[in-house]
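Numbering (the UniProt record's numbering), first residue to last: 1 to 88.
All residues carry an ideal CB built from backbone N, CA and C; glycine is no exception.
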């Protein structure tokens with residue numbers, strides 16, 4: 001079972017100075033086998049049902065991400081050189 005990291009999430013820019021209660025970020029420690037190569041695993045999920053679209057922004061750290069999206073597509077992303085924005 002994955003162990004959740006409890007330190008505050010860094011790099012996520014808050015909308016209007018507030019965190020959205022409908023967007024959830026979680027980070028987890030990697031398994032012992034991955035620990036020499038992976039600092040942490042993270043996930044983001046949202047439910048904006050009934051509300052307007054929301055623009056979210058992050059200031060990514062200069063790292064590479066292995067991404068698996070909701071359609072189960074996998075790819076390598078990064079390192080990013082600027083703010084990342086996406087409309088949810």
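Exercise. Is the stretch 29–36 close to the stretch 46–62, with three or more CB pairs under 8 Å?
Worked result: no
Problem set entry | Beta-carbon proximity list for residue 78, same chain, < 7 Å, skipping 5 on both sides | Start at 1 with the first residue of the chain shown, and residue 78 comes out as number 78. Within the same chain, residue 78 has close Cβ partners 60, 63, 64 and 65.
Exercise. Do residue 6 and residue 26 have their C-beta atoms within less than 7 Å of each other?
Worked result: What you label residue 6 is simply residue 6 of the chain shown in a count that begins at 1. What you label residue 26 is simply residue 26 of the chain shown in a count that begins at 1. Not closer than 7 Å, so no.
Exercise. Rounded to a whole number of angstroms, what is the C-alpha to C-alpha distance between residue 89 and residue 4?
Worked result: Since the displayed the chain opens at 1 and closes at 88, residue 89 lies outside it and no answer follows.
For this session: With residue 66 as the anchor, note down where its beta strand (DSSP E) starts and where it stops.
Result: Here residue 66 refers to the residue found at position 66 of the chain shown. Looking at the DSSP string, the run of the beta strand (DSSP E) that includes residue 66 is 65–68.
Problem set entry | Element boundaries [beta strand (DSSP E), containing residue 71] | Here residue 71 refers to the residue found at position 71 of the chain shown. Per DSSP, residue 71 belongs to no beta strand (DSSP E) and is neither H nor E.
Exercise. With residue 88 and residue 46 assumed to form a contact (beta carbons below 8 Å), what rounded beta-carbon distance in angstroms separates them?
Worked result: As a first step, residue 88 is located in the chain shown; it is residue number 88 there, counting from the start. As a first step, residue 46 is located in the chain shown; it is residue number 46 there, counting from the start. Contact between residue 88 and residue 46 holds: CB atoms are separated by about 5 Å, below the 8 Å threshold.
Exercise. If we call anything under 7 Å between Cβ atoms a contact, is residue 86 one with residue 56?
Worked result: In the chain shown, counting from the first residue as 1, residue 86 sits at position 86. In the chain shown, counting from the first residue as 1, residue 56 sits at position 56. For residue 86 and residue 56, yes; Cβs fall inside 7 Å.
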